[in-house]
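Position one of the sequence shown corresponds to residue 2 (my numbering), numbered consecutively onward. Heads up, the beta-carbon is just placed ideally off N, CA and C, and yes, glycines get one too. Here the structure is laid out as structure tokens; the discussion comes afterwards.
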Amino acid sequence: MEALDRDIQPLVEAILACRASSLIEVYMQLQFVSYLIGQDADDGAFVTQYAAVLSYLLDRYFGAHAPDWRVPLPDMKLRPPPAYVPDTDNGQFLNAAILQTLPDRVAVLTKDYRYLYSNPANCAHLGKNAMQLIGRHIVEFIGEERFADEVKEKLDACFDGVPADYTYARDERHNRCRMVPLHDAAKKVIGALITIQNLGAADA
């Protein structure tokens, strides 16, 4: 747990240091901490630590000195989330609930080839939970040779805006891999959305 804490602590601190300016952003922060608690609910020390963080956030935004939040009127437009939030309207980053239930393996890699997201199917394949994968380099799981010979060039092209769709054989099974550029709200490529579909047993 200590090693995991060291890996994710800078990410957690960066997210919590950003002070929300709307109810949407407040919800996103609270949802993030709740997710962390849920991932390690059997670890008492972990739950206590992040329950305290959750209490701090609730006090920050809804305590005596909190901003005067108001429920928007029906004709009021909520401003969009800031940059570096995946653009859910471009059809490339599906609703999280959908990704969580897909039988295909789904992952998001940042432009330095590190995991930003992994759905349960991909986590099960790699033998890690989602929080154990965040920030880990893909080389740790596919090896340097395969990364250099088969994957890196396709990922680099994807980061430049060029999608990829190809099949490969691994562990006596055919797989289809699709890579599409993932954009933020400002249309800047921030990573790659990767989907791997099992097509069945490879030919003998």
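Taking the Cβ atoms as the reference, Ala165 lies roughly 5 Å from Lys155, within the contact range of under 8 Å.
Taken through DSSP and simplified to helix, strand or coil, Val140 comes out as helix. For Cys124, the enclosing alpha helix (DSSP H) starts and ends at Pro121 to Leu127. Looking at Cys19, Glu173, Ile143 and Val181, the one whose alpha-carbon comes closest to that of Lys112 is Val181. In this structure, DSSP gives Val109 an extended state, which the three-state scheme calls strand. Looking only at His184, Asp172, Tyr116 and Arg115, the smallest Cα-Cα distance to Gly201 is reached by Asp172. Between the beta-carbon of Cys159 and that of Tyr169 there is about 16 Å, and that puts the pair past the 8 Å contact cut.
According to the DSSP assignment, Ala170 belongs to no alpha helix (DSSP H) but to the beta strand (DSSP E) extending over Ala165 to Arg171. In the DSSP assignment, the residues bridged to Met180 are Ala165 and Ile195. Assigned with DSSP and collapsed to three states, Ala187 falls in coil, not helix or strand.
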